[in-house]
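A.B. asks: Right, I'll just put the structure down here and ask away after.
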Amino acid sequence: MDVDKNNAVEPAKSTFAIKAQIRRAVEAEGIPYTYVPANCFAGYFLPTLSQPGATSPPRDKVVILGDGNPKAVFNHEADIGTYTIKAVDDPRTANKTLFIKPPKNTYSFNELIALWEKLIGKALEKTYVPEDQLLKQIQESPIPINIVLAISHSIFVNGDCTNFEIDPSFGYEASELYPEVKYTTVEEGFSRFV
């Protein structure tokens, strides 16, 4: 998720603001840069479908934050590394942001659950947590749980991974800039857990 393009609530908002300040300092000093917001690490989110306390993907029940419709992006860590390495010496990415948002890794939570249900051949019982209830949980939870919940709110309720258009004046989408890269799709990643 890009720290300059989000609508996070506290305490994530302050954390992202610090990162944004570091970016502004780099830019003010004229230091060459390429920012690479990786979005959601597939290795963190997919093995448990972002279910608190889970150690494997759900087979019976799933909790969905908000209405499950905002899109998020789930990238495999090796692919993030590949795109980052390609951008290092690419003059097109100098002083820009390389957004890693490949189309086959962009899903709403509802779409992610539907894919998982298709792969396991079973419908899950779904519990939706309304935004107001999630915001209350964020306020009442201790650190670091409140930070994790606030980031989850930004991703899954606000859709902060995908709620903006990428303009060449400030950045590029990695899979469009480097179409030769064979990235691991969410479906391929899920197949390990079936």
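Residues in the sequence shown are numbered consecutively from 1, following full-length UniProt numbering.
Every residue, glycine too, gets a C-beta built ideally from N, C-alpha and C.
Every value quoted in this text rests on a predicted model; they were computed, and no experiment measured them.
1. Exposed or buried, T168, counting other C-beta atoms within 10 Å across all chains shown (16 or more means buried)?
2. Can you tell me the Cβ-Cβ gap for A174 and F99, rounded? I've got them flagged as a contact below 8 Å.
3. Taking Cβ positions, are A17 and D4 nearer each other than 7 Å?
4. What whole-angstrom Cβ distance do I143 and V194 have, given they're in contact under 8 Å?
5. With a threshold of 6 Å, establish whether the CB of S169 neighbours any heavy atom of the ligand SAM.
6. Are the region 55-65 and the region 85-104 touching, with three or more C-beta to C-beta distances below 8 Å?
7. Pull the bridge partners of K126 from the DSSP assignment, please.
8. According to DSSP, which residues form a beta bridge with Y74?
9. Could you say which of A8, S50, Y44 and A94 lies nearest to G30 if we only look at CA atoms?
10. Suppose you measure from the CA of I166 to the CA of E176; what does that come to, to the nearest Å?
11. Given a cut-off of 7 Å, decide if A8 and S108 are closer than it, judged by their beta-carbon atoms.
12. Pick from R24, T106 and R59: whose alpha carbon is nearest that of K71?
13. Around the Cβ of P102, are there at least 16 other Cβ atoms within 10 angstroms (buried) or fewer (exposed)?
14. Mind checking which residues open and close the alpha helix (DSSP H) that includes T106?
15. Which residues in the same chain have their Cβ closer than 7 Å to the Cβ of K1, if we skip the five residues on either side of it in sequence?
16. How is the beta strand (DSSP E) around E165 delimited, first residue to last?
C.D. replies: A quick look at the data gives this:
1. Note that residue 168 corresponds to Pro in the displayed sequence, not to Thr. The residue is exposed, with fewer than 16 neighbouring Cβ atoms inside 10 Å.
2. 7 Å
3. no
4. That pair is no contact at about 36 Å.
5. The ligand SAM is not part of the structure shown, which contains no ligands of any sort.
6. no
7. V62
8. Looking at the sequence shown, residue 74 is not Tyr but Phe. Looking at the DSSP assignment, F74 forms a beta bridge with C40.
9. A94
10. 11 Å
11. no
12. T106
13. buried
14. Where T106 is concerned, there is no enclosing alpha helix (DSSP H), although the beta strand (DSSP E) it sits in stretches over T106 to S108.
15. Before going further, note that residue 1 is Met rather than Lys in the sequence given. Same-chain partners within the cutoff: P37, N39, S154, I155, D160 and C161.
16. Here E165 belongs to no beta strand (DSSP E), and DSSP marks it neither H nor E.
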